[in-house]
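K.L.:
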Amino acid sequence: MNDTLETIPEEYAGALQEYLNGAGEAALQRAYELGRMAITNGLGGLELARMHQAALEDLIRESSSVEQSARIIHLASGFFVETLSPLEMIQRGFHDAIETLRSSEQRYRTLVDTAQDVIHTLSPDGSISSLNPAFEHITGWPCSEWIGKSFAPLIHPDDLPFALEVFQRVLQGETPPVFELRIHRKSGGYVIGEFTTTPQFHNGAVMGTLGIARDITDRRRSEEQLRRSEEQFRLIAENVDDLIVVLDTQGHRIYNSPSYERILGNTRALRGTDSFAEIHPDDQERVRAVFEQTVAAGSGKRTEFRFLSLDGSVRYIESQGSVIRNAEGKTEQVIVVSRDVTERKQADREIKKSQKQLAAAQQIARIGSWEWDVAENKLVWSDELLRIYGVEPEEFEGSYQAFLERVHPEDREMVQGVIGKVFVSKEPFHFEHRIVLPDGSVRIMEARGEVLVDGEGNTAGMMGTGQDITERRKKDEALKALAKRVVDAQEDERRRIARELHDDVCQRLTGVRFVLDDLTEEVAPRQRGARNRLRDAISHIDQLITEVRRMSSNLRPSSLDDFGLAIAMRRLCEQHKKIHKTKVEFSKSDAVPDHYDPEIEIALYRIVQEALSNISKHASATRVTVTLTQDESVVTLDIVDNGKGFKPQEVSIGKPPDQGMGLVFMGERAKLAGGSFRIESFKRKGTAIHVEIPRPKVLHEENKDPDRRRP
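Spelled out as structure tokens, the structure:
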């Protein structure tokens, strides 16, 4: 009897295992017999319950998942009931057996109700017979709305054929592998479920299915994001010129982007190799230290080093590392993004070399450069420009206002006006202005520049040069003063010769004429030949007197001193018209006064005189207009002819005097008077001369005395 009691638990466990494996009614019959045998050998219901609990615990421990445990508990309950059925007629122990079963079912119900996964059962017709609360939490549908209804409407239409196929296989007794279905949410959309399902048996026949579904939507989303991230990383790594490498914490290569092929060859052969091997020996220790610091600190540091390529050449590499951490937050891998900056380094060296050469050239030429960012109001001066202004780099504020403060107060308005016009016109500019150095000295600057525009055509900045032309201006002034003295001397000499011709030569010629007139009267009428010769001589003398007076007038027109510039010009034009048979028209504006400063008058008069002379010699013109005007700021002289014209650039000093010196003469005259000279001419379209001289002071009546006027 003792031996029987010892074997009953083993037999019970074996019978239970067979039942769970699908033995059906035969296994339940065996349970009944084992129960009766146990009672016959003196075991009560409580002992049977303990035996069942022990066998059940062993089976649950061996189960591989929660779903399998739930299935074991559910099926084992029925088996246990059959085991206890012999006790129905035995009062002793009956109550304890019922309580044990109720406790077991309660534990099962608690397990099902608190499970995070959906536990469900289906009837053979596909209707839902049970759902645990997890269904409502995951899908949003109340369980009561689906109990007794078909599961098909819950399945995504694309997944439904597969779901029905699996359901039929389970009804045939199969236990299919884990599969996935998309389940309709009440709020819209679908949740992805991972399903395990098994048949439910009763009396050897399948009475339905038991299934467990786990929500893997977030996992699938994470997996998809990971897949996309990996795909993006692959696309980036394989399509950029940058060098991308993934290293383990020891610096061994896990992955190299294809861009490494141009310096290290086949990237697959690099896997697992030491990433420091190709670094220049002089840089290896430093780069390794940076790498180890990145692994330890979890943050990368930018570094630059030399790299030895396959062909033995040295490349300059710039790298930045970033770490990949594991679930515990420790550095697991290091991603290093590098860039070959060899060409940039070479370009930097060339730029530095050019900058040194430019700085030397600027210093020699006393020319500095500048650049102005308008939006940021940031003005950058070169070292030479700082030296010209006598400013140390740390003393210069680097703004447009800082520049204006160093401009001579009398020139600031002019400078601002030029800059303002350039903002609108966006044309290159050139002007001169004075600056005041820190020691109070004044220098003259020549500024040149151009406008920088953005993509929309707006002024973004300016750049240009500034040159100290103080010494050059001093030399120019000295040359100008010398030229003025030469011109003054010429005019003085012209005046002297004109007076001598008029007052001396003309008087003597007139005296000779009077003598010849007297001789003509005294010669006897019979000496007709002598009288005719005397009259011819008198005629020649008259012509000579006229020519001498014309020469005297050309050398120094008395009308310029007596009547002023406008009348002198008019008479000059009329005289030219008579001599050269060319239509010459003179006009002036009402604003033109009678007299200007003598230097202005003689300059403008000589320009007209020289222009008419050139026209008569070279232009073959039939019409000439001379116009003298004045406004608030300048006196303007325009001389226009309809002659054959020429190309001004073809006229050079190297040609004969009558083919260029006249233009030079007129330009110098205008310059000495402080004005400007411009000529425009085209072949067969005539020539236009334009002269502008800053408005001078009008002479008063008391200054009109020719003896007090300087030429």
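Be aware that the sequence shown starts at 51, since it is given in this note's numbering, and climbs by one per residue. For glycine and all other residues, C-beta sits at the position ideal for the given N, C-alpha and C. Computed from a prediction, not measured in an experiment: that's the story for all the values here.
Secondary structure at residue 64, three-state DSSP: helix, strand or coil?
P.N.:
helix
K.L.:
Tell me whether residue 250 sits in a helix, a strand or coil according to DSSP, three-state version.
P.N.:
strand
K.L.:
Output needed for residue 117: all residues of its chain with C-beta closer than 6 Å, excluding positions within five of it in sequence on either side, in chain order.
P.N.:
246, 262
K.L.:
Going by CA-CA distance only, name the one from 202, 339, 310 that's closest to residue 350.
P.N.:
Among 202, 339, 310, the Cα nearest to that of residue 350 belongs to 339.
K.L.:
Please look up how many angstroms separate the CB atoms of residue 639 and residue 680, rounded, as I've assumed it's under 8 Å.
P.N.:
6 Å
K.L.:
Leaving out five residues on either side along the sequence, give the residues of the same chain with a beta carbon under 7 Å from the beta carbon of residue 298.
P.N.:
304, 383
K.L.:
Using a Cβ-Cβ cutoff of less than 7 Å, which residues in the same chain neighbour residue 623 once the five nearest sequence positions on both sides are dropped?
P.N.:
634, 636, 676
K.L.:
Classify residue 638 as helix, strand or coil using the three-state DSSP reduction.
P.N.:
strand
K.L.:
Applying the criterion that 16 or more other CB atoms from any shown protein chain within 10 Å of the CB defines a buried residue, is residue 306 buried or exposed?
P.N.:
buried
K.L.:
Using a Cβ-Cβ cut-off of 7 Å (strictly less than) and excluding sequence neighbours within five positions of residue 328, which residues of its own chain qualify?
P.N.:
314, 357, 358
K.L.:
With distances taken from CA atoms, which of 333, 68, 173 is nearest residue 260?
P.N.:
Distances from the CA of residue 260 to each of 333, 68, 173 were compared; the closest alpha carbon is that of 173.
K.L.:
Can you look up residue 203 in the DSSP assignment and give me helix, strand or coil?
P.N.:
helix
K.L.:
Quick one: Cα of residue 690 to Cα of residue 651, how far?
P.N.:
20 Å
K.L.:
Using the C-alpha atoms, what's the distance from residue 513 back to residue 439?
P.N.:
17 Å
K.L.:
Assign residue 121 to buried or exposed, taking buried as 16 or more other Cβ atoms, counted over all protein chains shown, within 10 Å of its Cβ.
P.N.:
Counting of Cβ neighbours within 10 angstroms places residue 121 among the buried residues, the total reaching 16 or more.
K.L.:
Given residue 498, which residues of its chain have a CB within under 6 Å of its CB, disregarding the five upstream and five downstream residues?
P.N.:
480, 514, 515, listed in sequence order.
K.L.:
Roughly how many angstroms lie between the CA atoms of residue 365 and residue 371, to the nearest whole one?
P.N.:
19 Å
K.L.:
With a cut-off of 8 Å on the beta carbons, I'd call residue 661 and residue 716 a contact; round off their distance for me.
P.N.:
The C-beta distance from residue 661 to residue 716 rounds to 7 Å, short enough to fall under 8 Å.
K.L.:
Within its chain, find whatever has a CB closer than 6 Å to the CB of residue 422; leave out the 5 residues flanking it on each side and keep chain order.
P.N.:
If we look at residue 422 and ignore the five residues flanking it on each side, its Cβ neighbours are 429, 511, 512.
K.L.:
Between which residues of its own chain and residue 462 is the CB-CB distance below 7 Å, once the five residues before and five after are set aside?
P.N.:
454
K.L.:
Please classify residue 104 as buried or exposed, where buried requires at least 16 neighbouring CB atoms within 10 angstroms.
P.N.:
exposed
K.L.:
Assign residue 141 to one of two classes, buried (16 or more other C-beta atoms within 10 Å of its C-beta) or exposed (fewer than that).
P.N.:
Any reading at residue 141 must be qualified, since the residue scores a pLDDT of 44, below 50, and its modelled position is unreliable; the value itself is stated next. Answer is exposed; the Cβ neighbour count stays below 16.
K.L.:
The alpha helix (DSSP H) that contains residue 626, what's its start and end?
P.N.:
615 to 630
K.L.:
Report all residues from its chain with a CB closer than 7 Å to the CB of residue 176; omit the five preceding and five following residues, and keep chain order.
P.N.:
200, 201, 202, 217
K.L.:
Counting C-beta neighbours from all protein chains within 10 Å, is the total for residue 222 16 or more, i.e. buried, or is it exposed?
P.N.:
Burial call: exposed.
K.L.:
Using a Cβ-Cβ distance under 8 Å, would residue 59 count as near chain C?
P.N.:
Absent here is chain C; the protein component of the structure consists of one chain.
K.L.:
So, residue 58 versus residue 88, is the Cβ gap smaller than 8 Å?
P.N.:
Contact: yes.
K.L.:
Ordered along the chain, which non-local residues of its own chain (more than five positions away) have a Cβ less than 7 Å from that of residue 258?
P.N.:
Close CB contacts of residue 258 within its chain, under the 7 Å cut and outside five residues either way in sequence, are with 171, 172, 173, 174, 179, 250 (chain order).
K.L.:
Considering residue 648, what are the terminal residues of the alpha helix (DSSP H) in which it resides?
P.N.:
648 to 664
K.L.:
For the alpha helix (DSSP H) containing residue 187, list its first residue and its last residue.
P.N.:
184 to 189
K.L.:
Name the DSSP beta bridge partners of residue 498, please?
P.N.:
480, 515
K.L.:
Could you give the uninterrupted runs of the beta strand (DSSP E) lying entirely in the segment 358 to 410, keeping only those of 3 residues or more?
P.N.:
364 to 375, 381 to 390
K.L.:
Just reading off the beta strand (DSSP E) that residue 264 is part of, what are its end residues?
P.N.:
255 to 265
K.L.:
For a quick check, are the C-beta atoms of residue 226 and residue 220 less than 8 Å apart?
P.N.:
yes
K.L.:
Please identify the residue among 392, 400, 344 whose C-alpha is closest to the C-alpha of residue 375.
P.N.:
344
K.L.:
With a cut-off of 8 Å on the beta carbons, I'd call residue 523 and residue 494 a contact; round off their distance for me.
P.N.:
5 Å
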